[in-house]
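Heads up: the structure comes next, in structure tokens.
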Amino acid sequence: MAGLPAQARVVVIGAGIVGNSMAYHLARLGWKDIVLVDKGALPNPGGSTGHASNFIFLTDHSKEMTLFTLDSVKQYKELGVFTQSGGIEVARTAERVDELKRRMASSKAWGIDAELVSPAEVKRLVPYINDAIILGGFSTPGIGTVDSLRGGTLMREKAQAMGALTVAPGTEVTGIEVENGRVRRVRTDQGDVETEVVVITGGIWSPRIARMAGAAIPLSPAVHQMISVGPVPLFADTVGEIKYPIIRDMDTNGYERQHGSDMEVGSYDHRPILWDPDDIPSLTQSKLSPTELPFTKEDFDESLEHALELMPDILGDPAVGIRHSINGLLSLTPDGFPLLGETPEVKGLWSAAAIWIKEAPGIARCVAEWMTSGVSEIDPSSSDIARFYDHQKTQAHIKGRSAEGFNKTYGIVHPREQWDSNRRVRVSPFYEREKALGAVFFETAGWERPNWYESNKPLLAEYGDRVMPRRYEWDARWWSPIINAEHLAMRDRVGIVDLSAFAVFDIAGICALDYLQKMCVVQMNLPVGRVIYTSLLNTAGGIKADLTVMRLGTNHFRVVTGGADGMRDRKWFADHLPEDGAVQLTDLTSSWATIGVWGPRARDLLQSITDADVSNEGFPFGTCRFIDLGPVRALASRISYVGELGWEIYVPFEQGARLWDAIWQAGQPHRIAPVGIGVYGTTGRLEKCYRAYGNELEQEFNLVETGLARPQVKPQDFIGKEAYLKQRAEPPAAILCTLTVDDNTSRSGFKRYPMGREPVLSQKGERLVDRHGRGSYVTSAGSGPSIGKTILMSFLPPEQAKVGTRLAIEYFGERYPATVAVVGPTPVFDPQNTRVRS
Amino acid sequence: MNVLVGIKRVPATAGQITLTPDGQEIDTRYLGFTVSPHEECAVEEAVRLTEKHGGSSTVLTLGPEAAVDQLREAMALGIERAMLLETDGREWDPVATAAAIVKAIEAERAAGRTYDLVMFGNESADSAGYQVGVRVADALDLPCVTGIKALEITDGHAVVRRQTESGWEVADVPLPAVLTVKEGINLPRYPSLPGRLKAKKKEIERSTSQWQDGGLEKIRLKLPVQVGHTVEILGKNGDAEAQVVELLQRLRLL
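From first to last, the protein sequence lines stand for chains A and B. Heads up: the first sequence begins at 1073 in our numbering, then just goes up one per residue. Heads up: the second sequence begins at 2 in our numbering, then just goes up one per residue.
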């Protein structure tokens, strides 16, 4: 064992599958002087890698997670540590059969070969299964198992062979020293290492390690119970570790996976058993390893019964014994996604945590690319550790959501499903008013936001079938026809929308304009009082953010971005601030509440409570200024995300309720309707073909493809400009189009309503794939009550991106015809934007 | 034949043992619980005897409510009945333990249940007093052989073997008798799934045992000085072949 060097380019802390993969990818990308430390011994230092069941199912409803998994499988195959066995998710209930159809759709969307199979076919593949209790299966031949310890060892050795890596097992990190907000040195019981970059790949211990530097890695260790049963006579002649497909018994949250002569039975069915990272035993204190805790039988009894029921021939054999049982620790996060990227608290301190075997090498490649070049091939936005607000890093939040998420591991999770735990953390000043109006609250970034208002029920009678009612329970879940009624009322009259979840940053200082020119694609040197919608790119020309900027003064700008993106965007801005302090960023999210007032009567309403000139000439579209509204002075900004005349009104938080009352009262003659985010985020937006970050906008598609490229490129330099110019010079590989569903009647006669992420196929059902290998899928879907159609957005290859092209989407195993309505950003409703500019 | 096995719930220690701050207990936060390997073998032996000769098998423990886990584990392996002599969780010394067990066996006899064989582990995994079996035998006036590593039942007799440095010591004891078993007498089976599920549903016969003073008093526990281990790496990737062969020969494994 080589001693610890005094200096390193990077110190990777934790030598499980993630740390080894990180070391390898950093070395492959050209970094030298990498140090990998672990307090344990190699090859199994005692973390979760050592006890993982090591199987890989490919399909996730999240594109990001699926891409990580597919890349990982590719890497494991190249290392020769992957054994393909196939895998089947089986359904015991009708609801699950439906869910498997949905998983089938996700497989098609992400390009995974899979099929739905009958119980008899499951039985043919897995002869020991009790096919009498299953209703079907979702079979993926590409599923398999890995030797993750071997894979990690090979990657570590590759990095060593490149002369890039020093490995230091038996080395416990005792401190991470930070100077001026930046990593300077790692202290260990074997000596100190000077370094500017640290990657924490410490699995369940990551929060403890991050804390040494004053940063947070919000995960919770949780118990996953697993037993190993054998010897199974049927497996006696298996060469290698697995011959039969892995079974996931979805409805009982369990799995059965052959491992040599044994069967491993695991469960996510038991009560959530969360641990505190500080309570995990040390290597010497633990019987097996620190992450293999004593089995608690009473939690597993029910799972035993389920397993026995599903595989009585094997598991009911009295000669087959339970040879090994553990409570294995794994990592859970508040939203189920990994924790990747540089921590917002400390420069140079990176996290690659809450990662499972199935996605580890793919994630390591992504993070290594991100570290070495600033951009990665796979967009890690959903997993970006910078996404969390402070309240989401509290133990109460981490534990509450992790516990809630645990039992959803194999769950049927509705795309709109809401969390139960730790609600009502962030409430706007309008909250009590909204509650009184029967608001049904959905959560965004901790904010309670009305999704619709039960008090608008009378509007249903007014609009009848124009609200596009949904009779199929799944489609109507976490939804109400009132959303569409609010939409129509807003288009007919006027609506008031709570937008307080916006993140608001002030950017000011003598170099503020130059700084924003560098950050933003659009020309920022516009007169004071202008509102600018712009994209932000990374150096590769991937879309990092989209937001609006108000110029409040010569050297004073106000940035407004979505609540869900706020913290990521803030870090992106903060990372690029000049070091000399010539530009300051101040987060004013908690100081300003926001109300949207939109609809043909918005001007009349506003004029009735202000002396300011709010006429089209006096307050043109795309401008902002402070005006007096009754007793409140507020910042009004004439823009719209719903395609109507109106304003976003920013009001000091403590005066919000007073402003709401003033608008509400003045709105009565206009029959003002409170309008929820169901309209703002979906129906109003989709009719106007406005793109949303995380749906249409992401690093994987560029501005030309999304139709957001402006006719001209500003002369000033900005991040991603070079790549952007190149993108503009090339024909796009895909073009964002708006489609409408021609006939949404299912075979059973129900009208069905897709929700997004469905595969877009040819009429014959073939996948559409662009020249970069990206398959077409629905990026957003929703009702368009004003046009009476279901609206979809999707990136299509140029051959299909033509108005009138007839295509299909797959939803719950059926194909529905859809036609390209618009290519590019032209709205399907009010294409000339006369309403917005009236 | 009817067999009774006595077991004791103990912390499943491995690696470094830590004590609670007051030095009264082993710190079990990270530990599961088990019985000693000797007792595992006694349970296995009891199951095999009744499988072979018929009759009934019973497992008994003196311990806290939580010791039900260990009783069920024994039942998962094929023991039919389980008795818990429930305590308040304090550590009983061998005198008191044996007395409580004797009382239980006498109560069994009064209820018409007699045992041909009463088995214990040679010693418990934690306090290792080596006494309970002998004291029970003495109180019941039964023959007793300790540390047995082989057992055969023939016609009202047990032929048992003890391993000594120079060979086997053989004893022929008339039944009923008390035997204490040493690890190695058999290779205990693992519980099957149906076994474990059946055991879960079985009734545990409970009685309460009142604390009795014995001859021993626990002052406090103290950890012995840890003996350090050194690891010598003989070589990597096959270049240690000769050394490995030599080592195995030295250990008389080749």
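The C-beta atom is built at its ideal place from N, Cα and C for all residues, glycine as well.
Name the residue from G1739(A), V1418(A), Y1765(A) and Y1762(A) whose alpha carbon lies nearest to the alpha carbon of R1283(A).
Working through the first sequence from its first residue, we reach residue 1283(A) at position 211. Closest by alpha carbon: V1418(A).
On the three-state DSSP scale, how would you describe G1263(A)?
Here residue 1263(A) refers to the residue found at position 191 of the first sequence. Residue state, collapsed to three classes: strand.
With 16 as the cutoff for other CB atoms within 10 Å, does F1127(A) come out buried or exposed?
Sequence index remark: in the first sequence, residue 1127(A) carries index 55 (1-based). F1127(A) should be labelled buried.
Which complete beta strand (DSSP E) runs does the region 1732 to 1781 of chain A hold, if anything under 3 residues is left out?
As far as the region 1732 to 1781 of chain A is concerned, its whole beta strand (DSSP E) runs of at least 3 residues are 1745 to 1747.
Could one say the Cβ of A241(B) lies closer than 8 Å to chain A's Cβ atoms, at least one of them?
Residue numbering aside, residue 241(B) sits at position 240 when the second sequence is read from its first letter. For A241(B), the answer is no, since every Cβ of chain A falls outside 8 Å of its Cβ.
Below 8 Å between beta carbons: does that hold for P65(B) and G1393(A)?
The residue given as residue 65(B) occupies position 64 in the second sequence. The residue given as residue 1393(A) occupies position 321 in the first sequence. Going by C-beta atoms, P65(B) is not nearer than 8 Å to G1393(A).
If you measure from the beta carbon of Q1357(A) to each beta carbon in chain B, is any gap under 8 Å?
For the purposes of this step, residue 1357(A) is taken as residue 285 along the first sequence, with counting starting at 1. By this cut-off, Q1357(A) is an interface position.
Please identify the residue among N187(B), L222(B) and P225(B) whose C-alpha is closest to the C-alpha of A151(B).
Here residue 151(B) is taken as the residue at index 150 of the second sequence, counted from 1. That would be N187(B), whose Cα lies nearest to the Cα of A151(B).
Starting from the beta carbon of R190(B), find every residue of chain A whose beta carbon is closer than 8 Å, and list them in chain order.
Position 189 of the second sequence, counted from the start, is the residue given in the question as residue 190(B). The answer, in chain order, is G1393.
Name the DSSP bridge partner or partners of V1892(A)?
Counted from its first residue, the first sequence places residue 1892(A) at position 820. For V1892(A), which the question treats as bridged, DSSP gives the partners L1811(A).
Please decide whether E1377(A) counts as near chain B, where near means a Cβ-Cβ distance under 8 Å.
Here residue 1377(A) refers to the residue found at position 305 when the first sequence is read from its first residue. So, interface residue.
In three-state DSSP terms, what is N1556(A)?
Working through the first sequence from its first residue, we reach residue 1556(A) at position 484. Reduced to three states, the DSSP call for N1556(A) is helix.
Considering only their Cβ atoms, is the gap separating A1734(A) from I1721(A) smaller than 8 Å?
Walking along the first sequence from the start, residue 1721(A) turns up at place 649. Walking along the first sequence from the start, residue 1734(A) turns up at place 662. Cβ distance not < 8 Å, so I1721(A) and A1734(A) don't count as in contact.
Mind checking the region 1336 to 1369 of chain A against chain B and listing, in chain order, the residues whose C-beta falls within less than 9 Å of any C-beta there?
So the close ones are V1337, D1351, I1352, P1353, S1354, L1355, T1356, Q1357, S1358, K1359, L1360, P1362, L1365, P1366, F1367, T1368 and K1369.
Looking at the secondary structure, which residues open and close the alpha helix (DSSP H) in which K199(B) lies?
Sequence index remark: in the second sequence, residue 199(B) carries index 198 (1-based). L194 to K202 is the extent of the alpha helix (DSSP H) around K199(B).
Under the three-state reduction of DSSP, which class applies to A1163(A): helix, strand or coil?
Here residue 1163(A) corresponds to residue number 91 of the first sequence, with the count starting at 1. Strand at A1163(A).
If you reduce the DSSP assignment to three classes, tell me which class V1485(A) lands in.
Start at 1 with the first residue of the first sequence, and residue 1485(A) comes out as number 413. Coil at V1485(A), not helix or strand.
When DSSP builds the beta bridges, which residues end up paired with G1413(A)?
Taking the first residue of the first sequence as 1, we reach residue 1413(A) at position 341. DSSP, once it has assigned bridges, lists S1423(A) as partnering G1413(A).
Counting only beta-carbon separations shorter than 8 Å, does Q25(B) have a partner in chain A?
Counting from one through the second sequence, the residue named residue 25(B) turns up at place 24. False, the Cβ-Cβ gap to chain A never drops below 8 Å.
Of all the CB atoms in chain B, is at least one closer than 8 Å to the CB of G1388(A)?
Position 316 of the first sequence holds residue 1388(A). It does; some Cβ of chain B falls within 8 Å.
Could you check whether V146(B) and V161(B) sit closer than 8 Å to each other, using their CB atoms as the reference points?
Translated into positions along the second sequence, residue 161(B) becomes position 160. Translated into positions along the second sequence, residue 146(B) becomes position 145. Yes. Within cutoff.
Have a look at M1073(A) and A1240(A) and give me their C-alpha separation to the nearest angstrom.
Residue 1073(A) sits at position 1 when you count from the first residue of the first sequence. Residue 1240(A) sits at position 168 when you count from the first residue of the first sequence. The pLDDT assigned to M1073(A) is 44, lower than 50, so where the model puts this residue is not dependable, and the model offers no usable value.
Below 6 Å CB to CB, which residues in the same chain sit around S1178(A) once its five sequence neighbours on both sides are set aside?
Numbered from 1 along the first sequence, position 106 holds the residue referred to as residue 1178(A). Cβ within range, chain order: T1131 and H1133.
Quick one: measure Cβ to Cβ for H1331(A) and I1319(A), integer angstroms, because I've assumed they're closer than 8 Å.
For the purposes of this step, residue 1331(A) is taken as the residue at position 259 of the first sequence. For the purposes of this step, residue 1319(A) is taken as the residue at position 247 of the first sequence. The pair is not a contact, with the Cβ atoms about 13 Å apart (cut-off 8 Å).
What do you get for Q17(B), buried or exposed, if any count of 16 or more other CB atoms within 10 angstroms of its CB means buried?
The residue you call residue 17(B) lines up with position 16 of the second sequence. That one is exposed.
Between which two residues does the beta strand (DSSP E) harbouring V1194(A) extend?
Against the first sequence, residue 1194(A) aligns to sequence position 122. Unbroken run through V1194(A) is the alpha helix (DSSP H), P1191 to L1197; no beta strand (DSSP E).
At the level of alpha carbons, what is the spacing between G24(B) and R221(B)?
Within the second sequence, residue 24(B) is the residue found at index 23, counting from 1. Within the second sequence, residue 221(B) is the residue found at index 220, counting from 1. Cα to Cα, G24(B) sits roughly 5 Å from R221(B).
Count the other CB atoms, across all protein chains shown, that sit within 10 Å of the CB of V1084(A); report buried if there are 16 or more and exposed otherwise.
Here residue 1084(A) refers to the residue found at position 12 when the first sequence is read from its first residue. Its Cβ being crowded by 16 or more others within 10 Å, V1084(A) is buried.
Could you name the residues that DSSP lists as bridge partners for F1867(A)?
Position 795 of the first sequence, counting from 1, holds the residue named residue 1867(A). According to DSSP, F1867(A) bridges with L1808(A).
Applying a beta-carbon distance threshold of less than 8 Å, which residues of chain A neighbour K201(B)?
Position 200 of the second sequence, counting from 1, holds the residue named residue 201(B). Residues of chain A passing the Cβ test: D1373.
For D1637(A) and S1339(A), I'd like the C-alpha separation in whole angstroms.
As a first step, residue 1637(A) must be located in the first sequence, where it is residue number 565. As a first step, residue 1339(A) must be located in the first sequence, where it is residue number 267. Roughly 34 Å separates the two Cα atoms.
Please name the residue or residues paired with K1823(A) in a DSSP beta bridge.
Taking the first sequence and counting its residues from 1, one reaches residue 1823(A) at position 751. K1823(A) is bridged to T1817(A).
Of the residues W1277(A), P1903(A) and N1905(A), which one's Cα is nearest the Cα of G1086(A)?
Mapped onto the first sequence, residue 1086(A) falls at position 14. Nearest option by C-alpha distance: W1277(A).
Please list the partners that V1153(A) has in chain B, where partner means a Cβ-to-Cβ separation under 8 Å.
For the purposes of this step, residue 1153(A) is taken as residue 81 along the first sequence, with counting starting at 1. Residues of chain B passing the Cβ test: none, with the nearest at roughly 17 Å.
Considering Cα atoms alone, identify which of E1520(A), G1119(A), R1100(A) and N1494(A) is closest to R1505(A).
If you number the first sequence from 1, residue 1505(A) lands on position 433. Taking only the C-alpha atoms, the option nearest R1505(A) is E1520(A).
Report the three-state DSSP secondary structure of G168(B) (helix, strand or coil).
Here residue 168(B) corresponds to residue number 167 of the second sequence, with the count starting at 1. Residue state, collapsed to three classes: strand.
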